[in-house]
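So the number in this note's numbering is just where the residue sits in the sequence shown, counting from 1, plus 343.
Just so you know, even glycine gets a beta-carbon here, dropped at the ideal spot from N, CA and C.
The model shown is predicted, which means the values in this text are computed figures rather than measured ones.
Worksheet: the structure to be examined is printed underneath.
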Amino acid sequence: PRPPAEVDEPPGDRRLVYPRLSRLFNTGARASSATWIAFLDDDNEFEPHHLSSLMACAEANGARAVHSGRTMLCSDGSPYRREIWHTVSDPVEGARIFQLMCDRGVWIRGTNTLLDRADPVRGSSLRPSSVIQADDPVLLVDQSVWLIRRDLLLELPIPETFSDEDYAMNAAPDDKLLQVLLDANVPIFSTGQPTLRYYLGGVSNNHEPLNASRTAAVRAAR
Numbered sequence: 344p345r346p347p348a349e350v351d352e353p354p355g356d357r358r359l360v361y362p363r364l365s366r367l368f369n370t371g372a373r374a375s376s377a378t379w380i381a382f383l384d385d386d387n388e389f390e391p392h393h394l395s396s397l398m399a400c401a402e403a404n405g406a407r408a409v410h411s412g413r414t415m416l417c418s419d420g421s422p423y424r425r426e427i428w429h430t431v432s433d434p435v436e437g438a439r440i441f442q443l444m445c446d447r448g449v450w451i452r453g454t455n456t457l458l459d460r461a462d463p464v465r466g467s468s469l470r471p472s473s474v475i476q477a478d479d480p481v482l483l484v485d486q487s488v489w490l491i492r493r494d495l496l497l498e499l500p501i502p503e504t505f506s507d508e509d510y511a512m513n514a515a516p517d518d519k520l521l522q523v524l525l526d527a528n529v530p531i532f533s534t535g536q537p538t539l540r541y542y543l544g545g546v547s548n549n550h551e552p553l554n555a556s557r558t559a560a561v562r563a564a565r
């Protein structure tokens with residue numbers, strides 16, 4: 344059960360949830376005795392070969408940090424087909440970012456496949472996908488697609504403090520982790536395979552009625 348201090352919190356308040364998630368991830372890494380750490384949100388699923396393909400990628404590249412891509416699903420399990428970027432509440436801005444990500448090869452046009460990517464850049468003002476502009480590097484690696492050596496996570500823990508600018512950009516713990524790794528010049532490799540089943544409707548993307556059956560019901564009632 345949730346601690347008494349959390350019971351009356353507004354649901355999904357990022358100013359409370361994001362720092363808590365960072366602390367949770369860091370605590371899990373410290374408590375683990377495994378060599379490698381993978382994360383999985385409770386509303387997502389690994390494909391059967393997810394972890395084995397990540398390990399193969401790490402071994403082939405001598406890497407300490409690797410990630411996969413994902414298939415994007417509505418909360419009812421149907422493919423997410425809206426041409427709107429899933430973490431943006433404004434539909435016009437969401438459509439702009441979606442098209443930009445298709446042009447960059449991150450979202451495979453005409454599918455529900457998203458290939459997470461981290462362009463090799465450094466800097467304290469890196470912008471996450473929710474506010475990406477045309478000339479920005481792509482900085483998008485979801486927490487649930489990572490496989491990272493535990494010693495690296497202990498060396499470079501996920502930041503647990505978030506600024507007003509972070510909240511304005513919807514910079515989540517996975518964005519903060521990615522920036523820490525890039526700033527430390529950690530080589531990052533991708534399997535290029537969408538082996539995570541990513542269900543929409545969580546804290547970072549709960550803007551629209553993403554359940555396909557709910558959307559149809561709303562339209563029918565109009």
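Looking only at DSSP bridge pairs, what is Tyr-482 linked to? Checking the sequence, you will find Leu at residue 482 rather than Tyr. Bridge partners of Leu-482: Ala-461.
Proximity winner among Val-431, Thr-454, Leu-497, relative to Ile-475 (alpha-carbon distances): Val-431
Check whether the Cβ atoms of Leu-482 and Leu-469 lie closer than 7 Å to each other. yes
In terms of residue numbering, what span does the beta strand (DSSP E) encompassing Arg-407 cover? Arg-407 -> no beta strand (DSSP E), and no H or E assigned at all.
Going by beta-carbon coordinates alone, are Ser-487 and Asn-404 separated by less than 7 Å? no
Quickly, what does DSSP pair Glu-388 with across the bridge? List them, please. Arg-540
From Asp-462 to Ser-376, what distance separates their C-alpha atoms? 31 Å
Can you list, in chain order, the residues of its chain with a C-beta nearer than 8 Å to that of Thr-414? Leave out the 5 residues immediately preceding and following it. Pro-422, Asn-455, Thr-456, Leu-457, Pro-537, Leu-539, Arg-540, Tyr-541
Output needed for Ala-401: all residues of its chain with C-beta closer than 7 Å, excluding positions within five of it in sequence on either side, in chain order. Val-409, Leu-490
Determine the DSSP secondary structure at Phe-441, reduced to helix, strand or coil. helix
Hey, could you find the ends of the beta strand (DSSP E) Arg-470 is sitting in? Careful: Arg-470 lies outside any beta strand (DSSP E) and carries neither H nor E.
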